[in-house]
Amino acid sequence: MIMSDQEMKIDQVLRSHRKSISLELKRDGRLIVRAPYLATRGQIELLVKSKERWIRSKRAILNQQMLASPPRKFRPGEQFLYLGQPFPLEIVTEQKKLLVLEDKFYLAARCQENPRPVFKDWYRKQAGLVIRETASLLASQHGFKYERIWITAAKTRWGSCGPKGTLNFTWRLVMAPEQVVTYVVTHELVHLRIRNHSSLFWQEVEKILPDYRAERTWLKDNGYLLSLE
Ligand SMILES: [Zn+2]
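Residue numbers are given in this note's numbering: position 46 of the sequence shown equals residue 33, and the series is strictly consecutive.
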C-alpha cells in the first residue's frame, strides 16, 4: 500500500514486545507507531489507514492549538499564566531574584539566555505552596488523610494518587485557574478512598465540588496551555 498523503505519513515505527499496534500524534505533528516485532509494514499501514479520520481530526486540533499558543520565546510582553491569569513578561537589569511576579513577571536580565529553567523552578516552588495549601484545606474540611505531596514534571498527567497515600501533582497545574487546581486536588483526594473512576467515585467528587464537570472540561480543552514549550 502506498501512502502518498503527507498527513498520513508515518514518521517512526517503534517495535517492542507488545501485542497490538498503537498510534501517537506528537505535538510537533509527527506520527509515531508502536508495533509488535512481528507486525508487517502492510499491517501497520492498514491500521494507520483505518485510523485516518482520527489522525485528521487530531491534526486539526493540534494545528489550532499551535495557532492559539505559539512556541514560547520569552520575549518582553509575552504572556505567562499563573492561576489562570496571564501576566506579561518584563526583563529588568536591577533585580536580585531571578524571577518575580507582581503585576508582571519580572525576569532578571542575566537569565535571558536560558529563561525556561528559571520559570520552571518558579512554577514548581509556587505549585508546591498552592497545591499543599489547597490539599490541606480540603483534607481538613472533608476528613481526608494523605501521606505527602510530590510535585512532578508530568506533561499531561495533572495528578495521581500513589498506593501509600502519596499524592502527586505536576507543577504545570499552577498555571490553571484556582478552581481547576481545586478540582484536580479533590479528584486525587477522593482516590484515597475510591481507587477507580466508578460512578461512586464521581458522586463523591460531586459532593465536594458540585461544578466539577466545568473544571474537568476546562482541563480537557485548555490543558495544552499549561506549558512552557
Ligand atoms: Zn482519577
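For glycine and all other residues, C-beta sits at the position ideal for the given N, C-alpha and C.
Query, Result
"Starting from the Cα of Gly16, find the closest Cα among Trp137, Gln(-1), Glu120 and Lys142 and give me that residue.", "Gln(-1)"
"Enumerate, from N- to C-terminal direction, the unbroken alpha helix (DSSP H) stretches of 4 or more residues contained entirely within the segment 60 to 146.", "102 to 129"
"So if DSSP puts Gln(-1) in a beta bridge, which residue, or which two residues, is it bridged to?", "Ile19"
"Among Leu12, Arg180 and Glu120, which one has its Cα closest to the Cα of Cys148?", "Arg180"
"Closer than 6 angstroms by C-beta to Thr80: which residues in its own chain qualify, once you throw out the five before and the five after it? Chain order, please.", "Ala96"
"Return helix, strand or coil for Leu12, following the three-state DSSP convention.", "strand"
"Entirely within the segment 31 to 60 and at least 4 residues each: give me those alpha helix (DSSP H) ranges in chain order.", "39 to 55"
"Tell me which residues share the same chain as Gly146 and place their Cβ nearer than 6 angstroms to its Cβ, disregarding the 5 neighbours each side in the sequence.", "Phe156, Val171 and Glu175"
"Identify, in the order they occur along the chain, each residue of the same chain with its Cβ nearer than 8 angstroms to the Cβ of Val167, setting aside the five sequence neighbours on each side.", "Gly71, Leu160, Glu202, Trp205 and Leu206"
"Does the count of Cβ pairs from the segment 29 to 45 and the segment 61 to 78 closer than 8 angstroms reach three?", "no"
"With Asn155 as the anchor, note down where its beta strand (DSSP E) starts and where it stops.", "Thr153 to Thr157"
"For Leu34 and Leu18, I'd like the C-alpha separation in whole angstroms.", "13 angstroms"
"Leaving out the 5 sequence neighbours to the left and right, which residues in its chain are closer than 8 angstroms to Asn209 when beta-carbon positions are compared?", "Ala163"
"Here's a check: name, in chain order, each residue in its chain whose Cβ is nearer than 6 angstroms to the Cβ of Leu68, leaving out the five neighbours to either side.", "Met162"
"Whose C-alpha, out of Thr143, His178 and Ser127, is nearest the C-alpha of Lys151?", "His178"
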